[in-house]
Amino acid sequence: FHFLAVFADWYIKNLSRETKRGKKNIVDHGHQNNQVPFGYHRIPEHKIPQIIPAEAEVIKQAFELYSLGNHTDAKIAQWINDQGYPTRKGKDWTKDSVRTTLQLDYYYGAVKHLSVLYPGVHESIIDKELFDRAQKIRKEHFARPRTNTTRFERIFLLNGTIRCAVCRRTLRAHGIREKYRYYR
């Protein structure tokens, strides 16, 4: 039993090493490790993914809209759905699928492996400048408050002042609607 366990452990570790080596080799040659994203398709007789012109135009416009700064992921998802293009899985676009798509380095000609970028051999849909503008807008959107309304501040006089008699941690105030206020 111990010998079998040792061989099984060696097999798993060796398989992991070989898989990592294979994936790194694919990226070193400028190819994507997984399915090509929206806007591209793989033709069996070609090793390099080919651009689908109509989908590529949608991707380019999505990046341009987002880089203007007044479009959110949800608005762009609705716009792509209105154009009649489903995702690769045949579903409607969501804000999450748009967010993922607009962060893919693949569209300007790079492939990523373990957070390291490598030059790809595929044709790019957008240029690096447009991609960088979109990422800059994403950072600005992330720093903004999520809503335009001002947050209603509740004032609890003993918040952070009183302590639990058992654990000696400070008690935090909570309120449910306007009826119930308590310390936890």
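In our numbering, each residue's number is its place in the sequence shown (first place is 1) plus 668.
The beta-carbon is built from N, C-alpha and C at its ideal position, and this holds for glycine as well.
Exercise. So does the stretch 762-771 actually touch the stretch 732-752, counting three or more Cβ pairs closer than 8 Å?
Worked result: The count of Cβ pairs closer than 8 Å, one atom from the stretch 762-771 and one from the stretch 732-752, reaches three, so the stretches are in contact.
For this session: Hey, could you find the ends of the alpha helix (DSSP H) residue 772 is sitting in?
Result: The continuous stretches of alpha helix (DSSP H) do not include residue 772, and DSSP gives it neither H nor E.
Exercise. For residue 781, which of helix, strand or coil comes out of DSSP?
Worked result: strand
For this session: Name, in chain order, the residues that DSSP records as bridge partners for residue 787.
Result: Its beta-bridge partners are 778.
For this session: For residue 838, write down the residues that DSSP places opposite it in a beta bridge.
Result: 831
Problem set entry | C-alpha gap between residue 749 and residue 759, whole angstroms | C-alpha separation (whole angstroms): 9 Å.
Problem set entry | alpha helix (DSSP H) segments (min. 4 residues) lying fully within the stretch 683-771 | 721-736, 741-751 and 763-769
Exercise. To which residues does DSSP link residue 679 through a beta bridge?
Worked result: Paired residue(s): none; residue 679 is not in a bridge.
Exercise. Short check: CB of residue 831 to CB of residue 839, under 8 Å?
Worked result: Taking 8 Å as the cut-off, the beta carbon of residue 831 is found closer than this to the beta carbon of residue 839.
For this session: Give the straight-line distance between the Cα atoms of residue 738 and residue 795, rounded to the nearest whole angstrom.
Result: 21 Å
Exercise. If you draw a straight line from the alpha carbon of residue 756 to that of residue 717, how long is it in whole angstroms?
Worked result: 15 Å
Problem set entry | Reference residue 702; option with closest CA among 691, 792 and 712 | 691
For this session: With a 10 Å radius around its C-beta and 16 neighbouring C-beta atoms as the bar for buried, classify residue 770 as buried or exposed.
Result: buried
Exercise. How big is the Cα-Cα spacing for residue 841 and residue 835?
Worked result: Counting only the Cα atoms, residue 835 lies some 17 Å from residue 841.
Problem set entry | residue 685 versus residue 791 - alpha carbon distance | 31 Å
Exercise. CA-CA distance, residue 713 and residue 787?
Worked result: 22 Å
Exercise. Would a C-beta distance cut-off of 8 Å place residue 706 and residue 680 closer than the cut-off?
Worked result: Contact annotation: residue 706 and residue 680 have beta-carbon atoms that are not nearer than 8 Å.
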